[in-house]
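Position one of the sequence shown corresponds to residue 20 (the working numbering), numbered consecutively onward.
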Amino acid sequence: MDFGDTGFADFDMELEEFEVKKTRKWDRVWKISEGGSIGVSPLLHNGKIYFGCMDHNIYCIEAGTGKEVWRFRTNDRILIASPVQKDGIVFNGSYDGYMYAIDAETGKEKWRFRTGDTVASTVAVSKGRIYFGSNDGFVYCLNSNDGSPVWRFKTGDHAASAPRVHGERVYIGSFDSCLYCLDKGTGKEIWRFRTGAEIYNEVSFTIHDNIIYCPSFDNNLYAIDAETGREIWRFRAGKYGIGAPPLLHNDTLYQSCQDGVMFALTLEGKEKWRFRTSDVGVILRASVFNDRLYLGSEDGNFYCLSMDGKEVWRFRTGGSIFCYQPVFHNGRAYFGSYDCHLYCISSDKGEMIWKFATSTMIQSRLPPVDEAFEVVVKKSGSEEEEREEKYDAGEASRSEMESEYSVRSEYSFKSEYQTGSEYR
Numbered sequence: 020m021d022f023g024d025t026g027f028a029d030f031d032m033e034l035e036e037f038e039v040k041k042t043r044k045w046d047r048v049w050k051i052s053e054g055g056s057i058g059v060s061p062l063l064h065n066g067k068i069y070f071g072c073m074d075h076n077i078y079c080i081e082a083g084t085g086k087e088v089w090r091f092r093t094n095d096r097i098l099i100a101s102p103v104q105k106d107g108i109v110f111n112g113s114y115d116g117y118m119y120a121i122d123a124e125t126g127k128e129k130w131r132f133r134t135g136d137t138v139a140s141t142v143a144v145s146k147g148r149i150y151f152g153s154n155d156g157f158v159y160c161l162n163s164n165d166g167s168p169v170w171r172f173k174t175g176d177h178a179a180s181a182p183r184v185h186g187e188r189v190y191i192g193s194f195d196s197c198l199y200c201l202d203k204g205t206g207k208e209i210w211r212f213r214t215g216a217e218i219y220n221e222v223s224f225t226i227h228d229n230i231i232y233c234p235s236f237d238n239n240l241y242a243i244d245a246e247t248g249r250e251i252w253r254f255r256a257g258k259y260g261i262g263a264p265p266l267l268h269n270d271t272l273y274q275s276c277q278d279g280v281m282f283a284l285t286l287e288g289k290e291k292w293r294f295r296t297s298d299v300g301v302i303l304r305a306s307v308f309n310d311r312l313y314l315g316s317e318d319g320n321f322y323c324l325s326m327d328g329k330e331v332w333r334f335r336t337g338g339s340i341f342c343y344q345p346v347f348h349n350g351r352a353y354f355g356s357y358d359c360h361l362y363c364i365s366s367d368k369g370e371m372i373w374k375f376a377t378s379t380m381i382q383s384r385l386p387p388v389d390e391a392f393e394v395v396v397k398k399s400g401s402e403e404e405e406r407e408e409k410y411d412a413g414e415a416s417r418s419e420m421e422s423e424y425s426v427r428s429e430y431s432f433k434s435e436y437q438t439g440s441e442y443r
């Protein structure tokens with residue numbers, strides 16, 4: 020290249036043309052092992068903590084000491100679907116497509132029920148029946164004693180959110196952007212409310228005074244009449260969608276968002292204050308314990324706030340916190356992290372009491388978005404010779420676990436960030 024009299028030296032430069040391939044929706048872009056990462060909410064029952072894990076196991080450990088009591092192995096990772104206990108039985112779904120019923124004391128399987136795809140939905144239990152969704156698009160109602168089916172209802176896409184039972188109705192969201200209201204006894208549709216994007220994973224609903232507060236990945240929190248399905252108001256919350264359910268406490272709604280902000284709102288949808296963690300997402304639902312707010316973040320921190328949104332302390336883990344809600348017991352907070360540990364810390368000062376390591380502690384490095392593409396290189400001035408630049412998993416290749424974390428991406432030309440990502 021000739022720079023003339025500019026003072027810069029001339030040099031020869033070979034140009035290369037880069038072509039970015041647009042993928043189909045849900046096509047795998049890359050995969051990476053996640054070992055024993057924890058991406059569910061733990062369950063506290065009779066002095067024990069129960070939680071599922073990416074290493075395929077459901078664990079039971081002592082809340083006081085962190086000592087393992089038992090583990091139950093499924094055939095795939097457990098992500099998003101959190102354990103629920105009723106009458107001494109723990110219910111938990113897995114990515115292997117099964118809903119499991121496990122004896123809470125012994126860890127022995129009572130029964131299992133197979134769906135047509137991944138189960139990422141946390142169950143709701145009511146009067147001897149359990150309700151949950153599957154990525155096969157169906158909402159299922161089963162007998163809790165033996166797992167026999169009662170009814171199922173077909174949505175238009177993955178039914179991955181956690182259902183809520185209120186009176187004689189079941190409310191559940193779907194990737195088809197709709198919130199469904201179903202008859203609890205028959206599974207018949209009563210009404211549906213359409214948002215602008217997916218109602219995602221553990222995004223569940225707070226029902227108060229017959230009003231449903233439902234977040235969606237279209238960045239809005241909706242207030243909906245539970246009887247009619249009519250919209251009352253909506254609040255624009257964040258830039259990148261909402262991936263956590265709201266918390267209602269003392270007539271205030273607390274809504275965490277994917278862009279690292281938590282909003283405090285009135286019941287009329289007016290902002291009271293906001294708290295920012297970082298530029299990455301707040302995934303953990305806000306919780307209240309002893310007049311303090313607690314939430315975790317993708318930045319790896321577990322935050323404690325005053326009720327007016329001022330930071331009191333933060334506790335740093337070694338990985339992102341995708342645990343949707345902590346549990347509290349005797350002045351302690353319990354939550355999991357993607358660093359393959361379940362933590363027990365003091366709720367007043369944020370000091371670690373113990374941590375429990377899952378079956379692997381080998382960490383994987385998640386690549387930034389701009390590394391997670393296949394690029395075809397065509398050299399100019401010669402025969403077009405395509406070669407594929409593959410992502411080097413680096414640290415991830417050291418993991419010996421079977422579980423893997425996969426991202427499926429859809430390229431978008433829209434100005435706002437959108438996601439077609441799926442844990443699969």
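Where a beta carbon is used, it is the ideal one built from N, C-alpha and C, also for glycine.
Residues near Asn76 in its chain [Cβ-Cβ closer than 6 Å; skip 5 each side]: As a position in the sequence shown, residue 76 is number 57, starting the count at 1. Once the five neighbours on either side are set aside, the close Cβ partners of Asn76 are Arg90 and Arg92.
CB contact flag (Pro265, Tyr313, <8 Å): The residue labelled residue 265 in the question sits at position 246 within the sequence shown. The residue labelled residue 313 in the question sits at position 294 within the sequence shown. Cβ distance not < 8 Å, so Pro265 and Tyr313 don't count as in contact.
Through-space distance from Asp327 to Gly173, alpha-carbon basis: Counting from one through the sequence shown, the residue named residue 173 turns up at place 154. Counting from one through the sequence shown, the residue named residue 327 turns up at place 308. It is Lys, not Gly, that sits at residue 173 in the sequence shown. In this structure, the alpha-carbon of Lys173 lies about 42 Å from that of Asp327.
Spatial distance of Asn94 from Ser153 (CA atoms): On the sequence shown, position 75 is the one that residue 94 refers to. On the sequence shown, position 134 is the one that residue 153 refers to. One alpha carbon belongs to Asn94, the other to Ser153, and they sit about 16 Å apart.
Cα-Cα separation, Thr134 to Lys329: Looking up residue 134 in the sequence shown gives position 115. Looking up residue 329 in the sequence shown gives position 310. Rounded to the nearest angstrom, the two C-alpha atoms are 45 Å apart.
Residue span of the beta strand (DSSP E) that contains His360, given as start and end: The sequence position of residue 360 within the sequence shown is 341, counting from 1. Per DSSP, His360 belongs to the beta strand (DSSP E) from His360 to Ser365.
Glu393 (DSSP reduced to helix, strand or coil): The residue labelled residue 393 in the question sits at position 374 within the sequence shown. Caution is warranted here: a pLDDT of 41 is assigned to Glu393, below 50, making its placement in the model unreliable, and no coordinate value can be reported.
Buried versus exposed call for Ser60 [16 or more other C-beta atoms within 10 Å across all chains shown]: Counting from 1 along the sequence shown, the entry for residue 60 is found at position 41. Buried, by the Cβ-count rule.
Beta-carbon contacts of Asp106 that lie in its chain and below 8 Å, excluding the five residues immediately before and after: Residue 106 sits at position 87 when you count from the first residue of the sequence shown. If we look at Asp106 and ignore the five residues flanking it on each side, its Cβ neighbours are Ser163.
Cβ-Cβ separation, Gly315 to Leu303 (assumed contact under 8 Å), whole Å: Within the sequence shown, numbered from 1, the residue matching residue 303 stands at position 284. Within the sequence shown, numbered from 1, the residue matching residue 315 stands at position 296. Going by Cβ atoms, the distance from Leu303 to Gly315 rounds to 3 Å, so yes, they are a contact pair.
Rounded separation between Asp202 and Thr84 - CA only: Locating residue 202 in the sequence shown gives position 183, counting from the first residue. Locating residue 84 in the sequence shown gives position 65, counting from the first residue. Going by the C-alpha atoms only, they are around 43 Å apart.
According to DSSP, residues forming a beta bridge with Asp122: Residue numbering aside, residue 122 sits at position 103 when the sequence shown is read from its first letter. Answer is Ile108, bridged to Asp122.
Residues of its chain near His268, where Cβ-Cβ distance is below 8 Å and the 5 sequence neighbours each way are ignored: The residue given as residue 268 occupies position 249 in the sequence shown. Beyond the five residues adjoining it in sequence on each side, His268 comes within less than 8 Å, by CB distance, of Val307 in the same chain, given in chain order.
Continuous alpha helix (DSSP H) assignments of at least 4 residues falling wholly in the segment 158 to 225: Listed in chain order, nothing qualifies, since the segment 158 to 225 has no complete alpha helix (DSSP H) run of 4 or more residues.
Short Cβ contact (8 Å threshold) for Ala526 with Val109: Outside the displayed span of the chain (20 to 443) sits residue 526, for which this structure offers no information.
DSSP three-state assignment for His323, whether helix, strand or coil: As a position in the sequence shown, residue 323 is number 304, starting the count at 1. Note on residue identity: the sequence assigns Cys, not His, to residue 323. Note: Cys323 maps to strand in three-state DSSP.
Own chain partners of Lys311 with C-beta closer than 8 Å, once the 5 adjacent residues on each side are dropped: As a working note, residue 311 is residue 292 in the sequence shown. Sequence inspection shows Arg at residue 311; the Lys mentioned does not correspond to that position. Correct list, in chain order: Cys323, Leu324, Ser325, Met326, Val331 and Ser366.
Residue of Leu62, Ser113, Trp130 and His227 minimising C-alpha distance to Pro102: What you label residue 102 is simply residue 83 of the sequence shown in a count that begins at 1. Ranking the options by Cα distance to Pro102, first place goes to Leu62.
Nearest neighbour of Ala179, chosen from Tyr114, Tyr362 and Lys207 [CA to CA]: Position 160 of the sequence shown holds residue 179. For the residues Tyr114, Tyr362 and Lys207, the minimum Cα distance to Ala179 belongs to Tyr114.
Integer Cβ distance of Ala263 from Asn239, believed to fall under 8 Å: Reading the sequence shown from its first residue, position 244 is the one you call residue 263. Reading the sequence shown from its first residue, position 220 is the one you call residue 239. With a Cβ gap of about 14 Å, Ala263 and Asn239 do not count as contacting.
Candidates Phe334, Asp358 and Ile340: closest to Ile372 by CA position: Position 353 of the sequence shown, counted from the first residue, corresponds to residue 372. The closest CA to that of Ile372, considering only Phe334, Asp358 and Ile340, is found on Phe334.
Distance between Glu187 and Gly204 (C-alpha atoms, nearest Å): Against the sequence shown, residue 204 aligns to sequence position 185. Against the sequence shown, residue 187 aligns to sequence position 168. In a straight line, the C-alpha of Gly204 is about 7 Å away from that of Glu187.
Reference Ala216; option with closest CA among Lys86, Ile230, Ile97 and Gly175: Walking along the sequence shown from the start, residue 216 turns up at place 197. Checked all of Lys86, Ile230, Ile97 and Gly175; the closest Cα to Ala216 is Gly175.
Host beta strand (DSSP E) of His64 (start-end): The residue you call residue 64 lines up with position 45 of the sequence shown. That run of the beta strand (DSSP E) goes Leu62 to His64.
C-beta contact flag for Ile80 and Phe282 at 8 Å: Along the sequence shown, one-based indexing puts residue 80 at 61. Along the sequence shown, one-based indexing puts residue 282 at 263. In this structure, Phe282 does not lie closer than 8 Å to Ile80 by Cβ.
Thr336 and Cys359 closer than 8 Å at C-beta: As a first step, residue 336 must be located in the sequence shown, where it is residue number 317. As a first step, residue 359 must be located in the sequence shown, where it is residue number 340. Taking 8 Å as the Cβ cut-off, Thr336 and Cys359 do not qualify as a contacting pair.
Where Ser9 falls, given that 16 or more other Cβ within 10 Å makes a residue buried: The first residue shown for the chain is 20 and the last is 443, placing residue 9 beyond what the model contains.
Top-ranked residue by Cα proximity to Phe157, from Val169, Asp165, Lys146 and Gly147: Position 138 of the sequence shown, counted from the start, is the residue given in the question as residue 157. Of Val169, Asp165, Lys146 and Gly147, the residue nearest in Cα terms is Val169.
Own chain, CB closer than 7 Å to Arg96, minus 5 neighbours either side, in chain order: Stepping through the sequence shown from its first residue, residue 96 is reached at position 77. Correct list, in chain order: Met73, His75, Tyr114 and Ser422.
His268 in three-state terms, based on DSSP: Translated into positions along the sequence shown, residue 268 becomes position 249. Note: His268 maps to strand in three-state DSSP.
Range of the contiguous beta strand (DSSP E) that encloses Arg92: Within the sequence shown, the letter at position 73 stands for residue 92. Glu87 to Arg92 is the span of the beta strand (DSSP E), which, as asked, contains Arg92.
Phe308 (DSSP reduced to helix, strand or coil): Against the sequence shown, residue 308 aligns to sequence position 289. In this structure, Phe308 counts as strand in the three-state DSSP scheme.
Cα-Cα separation, Gln274 to Gly166: To locate residue 274, count along the sequence shown from 1; it is residue 255. To locate residue 166, count along the sequence shown from 1; it is residue 147. Taking the straight line joining both Cα atoms gives about 35 Å.
Gly112 vs Ala139 beta-carbon contact at 8 Å: On the sequence shown, residue 112 is found 93 positions in, with the first residue counted as 1. On the sequence shown, residue 139 is found 120 positions in, with the first residue counted as 1. The criterion of a C-beta distance shorter than 8 Å is satisfied by Gly112 and Ala139.
Distance, Leu98 Cα to His177 Cα: Numbered from its first residue, the sequence shown carries residue 177 at position 158. Numbered from its first residue, the sequence shown carries residue 98 at position 79. Answer to the nearest angstrom: the Cα atoms are 15 Å apart.
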